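Worksheet: the structure to be examined is printed underneath.
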Amino acid sequence: MLKPFQNFLRLIGIAKILAKHRALEPLGLLMEASGFTPATVFIGRILAKITRKRNGSLHLKPGELRPGQRLAAALAELGPASIKLGQILSTRSDLIGASMAADLAMLRDRLEPFSFDKVRQIVETELDQPLENIFVHFDPRPISAASIAQVHYAILPASQNQPEQKVAVKVLRPDIQKAFARDLELFFWMARIIEKTRPRLRRLRPVAIIETFAQIVDLEMDLRLEAAAASELAQNFEGDPTYHIPKIFWEYTSHKVMVQERIEGIAIDDKNALQAAGLNVDDILKRAAAIFFRQVFRDGYFHGDQHPGNMFVNSQGIISPVDFGIMGRLDQKTRYFLADMLMAFLKRDYRKVAEIHREAGYISSDQPIDLFAQACRSIGEPISGKTLTDISFARLLAQLFSIAERFDMKIQPQLLLLQKNMLMAEGISRYLNPNLNLWGLAYPLIVEWMREHRGIEARVIESIKNFNNVVDSFPRLLKTMEKIEYNLEKNNDKNKKRKLIYKYKQKTTFHLMFIWFIIFLLYFIIIFKL
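According to this note's numbering, the residues represented by the sequence shown are 4 to 533, in order.
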């Protein structure tokens, strides 16, 4: 009984901070959009009004900040876990709207830095030697202080083969694991209450959202995993002269400390600085489009937080990312779904769009496919006839997510992260050159990838692989039949023996028929191609 009471007291403290920033009003709008009862929404609005009247001096004047900005300010005051939760919510524009999502996305580097004495203590404990023995210079002033860690510039000494190395040292906040564990307990408690008491909100899967949040935070609080993410991305782009991932110094990397090559350059959205450096903005956009395409479709592994503060361009026009705490993965099936769905939209084949969603399992088989196709048409027709320059694929995905409730569509977390990054990429593209669109630049690459992976040759290869899988399963099937027959003979259960052998003979016959069908199909395709 003690923990629920403690959680309740903490909720009162949270409510005070929300009221101070007039963030109860945007929460009321959020509750209304999410399906809370009118009575609940009404009570929330009354509380917001009472608080505003009683504490008018504490509140900003109406019109100074948007609702999302007020909520962001409140979350910033509530601490690191709330800031990180706000960042996660900023990816759910399907739930909270594009404007509020954009405001919450500004929750970066909002915390006060912790002291240099703490930094020294953590570094020396983790690396088991004095700070001066590791670095020639260590700047005590952090260049950024985020919700989980802060970053300092330093210089590693010269070695036999290397000159002095300029590096960035990332250090976890002291006791951050305990702080997050306490807040996560509260978040889970609230999410379970919502799921139990608000049946209409179960499709939003609040517990699952907090679980995803917990997984992301868990990964970010082990800097060895972030270093591994940077290493994997570097391996994927090995030999690519347009994209440089900072080197990780593994000998100085641990659970709470990560040392990486210092990236110096121009923020990718600083148009004036890029032009002043003599760089062609259109060339930068073409490179960025190709890089994003390769991450998503070629590798299925992409940087999950590509906001302008994490993307830099050097004097040669080479793009470099930093901060690898959030990474996204797309399996082959999801990549095929995305490519097929986007191409079907461009061809205005909305029935095909609906069928692709059903085949991928995103809508259940009992949902009327014709109605879903109609809903897809309502999304696709406004972009019909437009050039790729005028089409926002990120907004197209967001609109698809917005019809999720009506068709009980399962929202995929990896697609939400992708959609957030697509929106960021489109925003940078339109800011640097409103006449260019990232997807227009990437379109030739998408078409080529589609031909290689979704064309007739690719499908023949996929059929051959399936054929080999079926053939490979035969020895296992025969061994299973022999074991069953042996066990049945041993038990002298003739009736059961006959039934099970008949069942496996049926399965064997089905597999043989399937193999012959594949052979016939391949033969037909080859003849047709000839």
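We put the CB at the ideal spot given by N, CA and C, even for glycine.
Please read all numbers here as calculations on a predicted model, not as lab measurements.
- Query: Can you tell me whether DSSP reads F183 as helix, strand or coil?
  - Reply: Residue mapping note: residue 183 aligns to position 180 of the sequence shown, counting from 1. F183 falls in the helix class under three-state DSSP.
- Message: Helix, strand or coil, according to DSSP, for I251 in the structure here?
- Response: For the purposes of this step, residue 251 is taken as residue 248 along the sequence shown, with counting starting at 1. Strand at I251.
- Task: Could you have a look at P416 and say whether DSSP puts it in helix, strand or coil?
- Result: Here residue 416 corresponds to residue number 413 of the sequence shown, with the count starting at 1. If DSSP states are grouped into helix, strand and coil, P416 belongs with the helices.
- Look at the alpha carbon of D373 and the alpha carbon of L110, and state the distance between them as a whole number of angstroms. Along the sequence shown, read from residue 1 onward, the residue named residue 373 stands at position 370. Along the sequence shown, read from residue 1 onward, the residue named residue 110 stands at position 107. Each residue's alpha carbon lies about 41 angstroms from the other.
- Cβ-Cβ separation, V139 to P160 (assumed contact under 8 angstroms), whole Å: Numbered from its first residue, the sequence shown carries residue 160 at position 157. Numbered from its first residue, the sequence shown carries residue 139 at position 136. Under the criterion of beta carbons closer than 8 angstroms, P160 and V139 qualify as touching, at roughly 5 angstroms.
- Have a look at the DSSP bridge pairing and note the partners of A2. Because the chain spans 4 through 533 in this model, residue 2 falls outside it and cannot be assessed.
- Message: On the criterion of 16 or more Cβ atoms from any shown chain inside 10 Å, does W253 qualify as buried, or is it exposed?
- Response: The residue you call residue 253 lines up with position 250 of the sequence shown. Classification for W253: exposed.
- Task: Measure the C-alpha to C-alpha separation of A293 and Q417 and round it to an integer number of angstroms.
- Result: If you number the sequence shown from 1, residue 293 lands on position 290. If you number the sequence shown from 1, residue 417 lands on position 414. Looking at the two C-alpha atoms, the distance is approximately 20 angstroms.
- May I ask you to report which of helix, strand or coil DSSP gives F315? By 1-based counting over the sequence shown, the position of residue 315 is 312. F315 falls in the strand class under three-state DSSP.
- Of the choices S162, E223, L134, whose alpha-carbon is the least far from that of S150? One-based indexing of the sequence shown puts residue 150 at position 147. Out of S162, E223, L134, E223 has the C-alpha closest to the C-alpha of S150.
- Item | Rounded separation between F240 and N283 - CA only | Against the sequence shown, residue 240 aligns to sequence position 237. Against the sequence shown, residue 283 aligns to sequence position 280. Cα to Cα, the separation comes out at about 22 angstroms.
- Distance CB(H310)-CB(M427) smaller than 9 angstroms: Stepping through the sequence shown from its first residue, residue 310 is reached at position 307. Stepping through the sequence shown from its first residue, residue 427 is reached at position 424. A contact, by the Cβ cut-off of 9 angstroms.
- So I20 and E80 are in contact, right, with Cβ under 8 angstroms, and what is the actual spacing, rounded? As a working mapping, residue 20 is identified with position 17 in the sequence shown. As a working mapping, residue 80 is identified with position 77 in the sequence shown. The pair is a contact, with the Cβ atoms about 5 angstroms apart (cut-off 8 angstroms).
- How would you write the range of the alpha helix (DSSP H) that K336 sits in, first residue to last? On the sequence shown, position 333 is the one that residue 336 refers to. Segment 335-349, the alpha helix (DSSP H) holding K336.
- I449: which of F300, E127, Q370 sits nearest, CA to CA? For this step, residue 449 is matched to residue 446 along the sequence shown. The shortest C-alpha separation from I449 is found at F300.
- Item | Under the three-state DSSP convention, the category Y365 falls into | Taking the first residue of the sequence shown as position 1, residue 365 is located at position 362. Y365 falls in the coil class under three-state DSSP.
- Query: Based on the DSSP secondary-structure assignment, which residues constitute the bridge partners of M330?
  - Reply: The residue given as residue 330 occupies position 327 in the sequence shown. Answer is H306, bridged to M330.
- Check V170 in the structure and name its three-state DSSP category. As a first step, residue 170 is located in the sequence shown; it is residue number 167 there, counting from the start. DSSP places V170 in strand when its eight states are reduced to three.
- Message: Just to confirm my understanding: we take P143, look at its own chain, exclude 5 residues before and 5 after, and list those with CB closer than 8 angstroms. What are they?
- Response: Position 140 of the sequence shown, counted from the start, is the residue given in the question as residue 143. So the qualifying residues of the chain are F119, V122, H155.
- Query: Quick one, are the C-beta atoms of G383 and R351 less than 9 angstroms apart?
  - Reply: Here the question's residue 383 lines up with position 380 in the sequence shown. Here the question's residue 351 lines up with position 348 in the sequence shown. Against a cut-off of 9 angstroms, the Cβ pair of R351 and G383 comes out as a contact.
- Of all the options G331, K289, F216, which has the alpha carbon lying nearest to the alpha carbon of S432? Along the sequence shown, one-based indexing puts residue 432 at 429. Selected option, being the one with the closest Cα: K289.
- Kindly indicate which three-state DSSP category I158 falls into: helix, strand or coil? One-based indexing of the sequence shown puts residue 158 at position 155. Reduced to three states, the DSSP call for I158 is strand.
- Task: Determine the direct distance from the alpha carbon of P83 to that of L175, and round the result to whole angstroms.
- Result: Here residue 175 is taken as the residue at index 172 of the sequence shown, counted from 1. Here residue 83 is taken as the residue at index 80 of the sequence shown, counted from 1. Looking at the two C-alpha atoms, the distance is approximately 12 angstroms.
- Got a sec? Which residues, its chain only, sit under 8 angstroms from K336 by beta carbon, not counting five neighbours each side? Within the sequence shown, residue 336 is the residue found at index 333, counting from 1. Here the set comprises A363.
- Let me know the secondary structure DSSP gives Q370 once reduced to three states. Taking the first residue of the sequence shown as position 1, residue 370 is located at position 367. Three-state DSSP puts Q370 in coil, outside helix and strand.
- What first and last residue would you give for the alpha helix (DSSP H) that runs through P324? Position 321 of the sequence shown holds residue 324. Not the alpha helix (DSSP H): P324 falls in the beta strand (DSSP E), residues 322-324.
- Out of K87, Y255, R208, P371, which has the shortest C-alpha to C-alpha gap to A152? In the sequence shown, residue 152 corresponds to position 149, counting from 1. Comparing Cα-Cα distances from A152 to each of K87, Y255, R208, P371, the minimum goes to K87.
- Query: Would you report the Cα separation of P249 and S367, rounded to the nearest angstrom?
  - Reply: One-based indexing of the sequence shown puts residue 249 at position 246. One-based indexing of the sequence shown puts residue 367 at position 364. Going from the Cα of P249 to the Cα of S367 covers about 44 angstroms.
- Item | Counted within 10 angstroms of its Cβ, other Cβ atoms place R297 as buried (16 or more) or exposed | Reading the sequence shown from its first residue, position 294 is the one you call residue 297. R297 should be labelled buried.
- Message: Distance check for D186 and S60, CA to CA, integer angstroms please.
- Response: Counting from 1 along the sequence shown, the entry for residue 60 is found at position 57. Counting from 1 along the sequence shown, the entry for residue 186 is found at position 183. In this predicted model, S60 has a pLDDT of only 37, less than 50, meaning its place in the structure is not dependable; the value taken from the coordinates is given anyway. Rounded to whole angstroms, S60 to D186 spans 30 angstroms at the Cα level.
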